[in-house]
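Residue numbers (the UniProt record's numbering): 1 to 282.
We put the beta carbon where it would ideally sit given N, CA and C, even for glycine.
Below is one structure, written out as structure tokens, with a few remarks after it.
Now the structure itself:
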């Protein structure tokens, strides 16, 4: 069957199917007449297995070894159970830290002390370090959804457009494949589908590239529900940070920079609440 039917049969998005292929988890045959991928019943079963193990939080490489027979099924499950137990311990550490904060009021809270304690916990691999890792993965994923660059030419023809895209990919070590030439070309990067368009402005010609199905993209080492939560936190933090910069500029302009302490503390507490909410959902 074609990729669209495979998508419907498994609940796995087209982008993730191609990502799994690139990671060596899936090897569909090719139609000799048109070179399209053809997914067998065995491929469909394998995709469902991948989806199940990903929902359990199992890493991509571990799933590959398991499905290729390089790792024992029971041992793989035991290892994943160990990971989940470690996450449970991290949650206990988080609850203990929250109890410490409850003992102080906002005015009496020693921010430096709590920051030092968090950093110590991060070094031990505790929950705050894990959240920081999730946040970094999410921030990187957001940069993949859309990006842009300034070409060396006007990109006045489809050929020039293609050349500039390939040049950008080569300079940034990207696996780019052009699937449709034109003034709104389509291409893939690491199996993810993109479309591009050009615009002209004050600083010359710009090329804008956008993921065709951004709603389906999930970082490979994060379960979907956790990625959705961290992504919401990422967006809220960006908005709050922008507002904090604006407020800081106003206070500084008025010669009242000391008043920034209150919004800074409020911002820190708010981020702490978001992290706690995220960890409770894990």
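Using three-state DSSP, classify residue i as helix, strand or coil.
i	result
residue 146	strand
residue 155	coil
residue 75	helix
residue 62	helix
residue 133	helix
residue 94	helix
residue 12	coil
residue 56	coil
Look at the alpha carbon of residue i and the alpha carbon of residue j, and state the distance between them as a whole number of angstroms.
i	j	result
residue 195	residue 21	21 Å
residue 139	residue 59	19 Å
residue 48	residue 5	13 Å
residue 183	residue 166	15 Å
residue 132	residue 93	15 Å
residue 292	residue 45	Missing from the structure shown is residue 292; the chain here goes from 1 to 282 and no further.
residue 34	residue 2	12 Å
residue 371	residue 240	With the chain represented from 1 up to 282, any question about residue 371 goes unanswered, as that position is not in the structure.
residue 225	residue 135	14 Å
residue 230	residue 95	19 Å
residue 53	residue 158	42 Å
residue 150	residue 169	13 Å
residue 90	residue 67	29 Å
residue 160	residue 70	46 Å
residue 86	residue 78	12 Å
residue 198	residue 148	9 Å
residue 41	residue 25	15 Å
Quickly, what does DSSP pair residue i with across the bridge? List them, please.
i	result
residue 29	38
Assuming residue i is part of the alpha helix (DSSP H), what are its boundary residues?
i	result
residue 70	Premise fails: residue 70 is in no alpha helix (DSSP H) and is neither H nor E.
residue 2	No alpha helix (DSSP H) contains residue 2, which DSSP labels as neither H nor E.
residue 23	Unbroken run through residue 23: none, as it is neither H nor E.
Those runs of the beta strand (DSSP E) which lie wholly inside the region 158 to 233 and span at least 3 residues: The qualifying runs are 176 to 180, 186 to 189, 192 to 201 and 204 to 211.
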